[in-house]
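Chemist:
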Amino acid sequence: KVMNPDEVDPEELASMARALASPMRDALGAHWTVEVIDCESETGSGALPLATIPSAGLAIAPANARAPGRIVEHLASAFRALPRPVVGRISDGRLIFDLRCLQGLAPFVGQLKVLQAALAQATAKVDKAGKVEKGHEFP
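Counting in the numbering used here, the sequence shown runs without a single skipped number right up to 203 at its last residue.
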């Protein structure tokens, strides 16, 4: 059954976010923080582009970067490159995934191993300023 994203209870979304946080932390490793957050989903377009609905999601940030912009952009790119692309938004140096439109936990969690392998292959090394060393770019 396909759920209407507008009808999903924010507490149900928060429960999904809590369930995803641990597998996400495991996949990303110690260089990243994963936090369950409350957020707002924007609805409509044209006539109602500013209407919002309470939601919940995950915020991912580098654990030790002072200037996380570029490294977060590389992580967002790695998520978009998955077999089933995952699109988030970058805000305040964090990659935000609003879970309102997520169609089931299992397909998302199943892709985390693919993401983990891609990140391990890239062997990105981050200095304290949050820069990716040359030759160690994310995919």
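Just so it is clear, CB atoms sit at the ideal spot from N, CA and C, and this is done for glycine as well. Quantities reported herein were computed from a predicted structural model and do not represent experimental measurements.
Taking 9 Å as the threshold (C-beta atoms), are L163 and A120 in contact?
Modeler: As a first step, residue 120 is located in the sequence shown; it is residue number 56 there, counting from the start. As a first step, residue 163 is located in the sequence shown; it is residue number 99 there, counting from the start. Yes, they are a contact pair.
Chemist: Report the three-state DSSP secondary structure of A131 (helix, strand or coil).
Modeler: Residue numbering aside, residue 131 sits at position 67 when the sequence shown is read from its first letter. A131 falls in the coil class under three-state DSSP.
Chemist: What are the uninterrupted segments assigned as alpha helix (DSSP H) that are 4 or more residues long and contained completely in the stretch 161-190, given in chain order?
Modeler: 169-186
Chemist: For the putative contact between G157 and P132, defined by C-beta atoms under 8 Å, what is the C-beta separation to the nearest angstrom?
Modeler: For this step, residue 157 is matched to residue 93 along the sequence shown. For this step, residue 132 is matched to residue 68 along the sequence shown. That belief holds up - the Cβ atoms of G157 and P132 are roughly 4 Å apart, short of 8 Å.
Chemist: Smallest Cα separation from V136: which of A145, R148, R153, P149?
Modeler: By 1-based counting over the sequence shown, the position of residue 136 is 72. Comparing Cα positions, the closest option is R153.
Chemist: Using DSSP with H/G/I as helix, E/B as strand and the rest coil, what is P147?
Modeler: Residue mapping note: residue 147 aligns to position 83 of the sequence shown, counting from 1. Here P147 sits in coil by DSSP.
Chemist: What three-state label does DSSP hand A94 in the structure shown?
Modeler: One-based indexing of the sequence shown puts residue 94 at position 30. In the structure shown, A94 sits in coil (DSSP, three-state: anything other than H, G, I, E or B).
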